[in-house]
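For the sequence shown, this note's numbering begins at 271 and goes up steadily by one. Cβ atoms here follow ideal geometry from the backbone N, Cα and C, with glycine treated the same way. All remarks here apply to the structure that follows.
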Amino acid sequence: MDFTFLGADPRFLYLRRRLERDGHSVVAEGGNIIAPPAMRIGVPYWEDEIYAIENAALTAEGALELLMRRSSRAMMGAEALVAGYGRIGRFLAGMLSSLGVHVTVAARSRSDRAAARAVGCRAVPLTAMPRKADIVVNTIPAPVLSGDYGGALCLELASAPGGWADGAPVLKAPGLPGLYAPKAAADVMAEAVYRVLEEEDHGES
């Protein structure tokens, strides 16, 4: 099978190797298009549920590594605010908690807040977020945050327009899986592409 890449981040190098190892070809044009999810064209691997879960886990792991590398203090005992409790927020809150971080989750829905409390996090509505923390991570693609939360290390994981409503100093990390773990990200993408194409073949038969 022929594939054509429209993406150029580091995971695509490993994706080429994976596809060619599996007996496929990467051509300049005319193949099944594989593009970053934000482009929303080509093989819709981003709609695959398994991909969404595995990619979120890689994003959370990459975010944790970035926070540990950029923070001036230890994780243990730190106060963290995680805005949003979707897949990435859940994984990251769990990882931070396992390191002894005191995690507050801010989420819209009562069920998400209940789920966060059930695993030992403090949970508050978006309208009641604390104004001070050591770490603030946003996963909501809407302006729900403002300020620097008392000089916190602020990390943006959401897609545009992001979560900050002002010009606060924020560390942005787009495409984190492909930067943090490009080989793993490529494998997750390849498996999703295979599943989507197999489902399409079955639908046509």
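For residue i, which residues does DSSP report across the bridge?
i, result
"C424", "V406"
"E349", "H372"
"N415", "Strictly speaking, residue 415 in this sequence is Leu, with Asn absent from that position. BP columns for L415 point to W434."
"D457", "Per DSSP, none; premise fails for D457."
"A393", "V375"
"F282", "Answer is none; F282 lacks a bridge partner."
"L441", "L425"
"N302", "F273"
If you drop the 5 nearest sequence neighbours on each side, which residues of the same chain put their C-beta closer than 6 Å to that of residue i?
i, result
"A393", "V375, R383, A386, R387"
"D436", "S416"
"R286", "V296"
"A451", "L328"
"W434", "L415, V440"
"A377", "Y355, R383"
"A363", "V352, V373, V375, C391"
Am I right that residue i and residue j are in contact with their C-beta atoms under 8 Å? What's the rounded C-beta distance?
i, j, result
"A350", "V407", "7 Å"
"C391", "S367", "6 Å"
"P411", "G445", "15 Å between Cβ atoms; not a contact."
"V463", "I358", "Rounded, the Cβ-Cβ distance is 21 Å, inconsistent with contact."
"F273", "L289", "6 Å"
"H294", "M271", "5 Å"
Could you tell me if residue i is buried or exposed, where buried requires 16 or more neighbouring beta carbons within 10 angstroms of its beta carbon?
i, result
"E468", "exposed"
"M365", "buried"
"V389", "exposed"
"R360", "buried"
"P306", "buried"
To which residues of the same chain is residue i closer than 8 Å at the C-beta, ignoring the five residues directly before and after it?
i, result
"P447", "R281, N325, L328, T329, G332, A454, A455, V458"
"D404", "S341, R343, A348, E349, A350, A422, L423"
"A443", "G332, A333, L336, L425, E426, L427, L449"
"M338", "M345"
"I320", "E461, A462, R465"
"G420", "R401, K402, A403"
Quick one: what's got a C-beta closer than 7 Å to residue i's C-beta in the same chain, skipping five residues either side?
i, result
"Y315", "Y321, M459, A462, V463, V466"
"G370", "M345, M346, G347"
- Could you say if the segment 409-420 and the segment 344-358 meet the contact criterion of at least three C-beta pairs nearer than 8 Å? Because the criterion of three Cβ pairs below 8 Å is met, the segment 409-420 and the segment 344-358 touch.
- Are the segment 284-303 and the segment 326-345 in contact at 8 Å, needing three or more beta carbon pairs? These segments do not touch.
- Can we say the segment 415-435 touches the segment 276-283, given the rule of at least three CB pairs closer than 8 Å? Flag = no, the segment 415-435 and the segment 276-283 do not touch.
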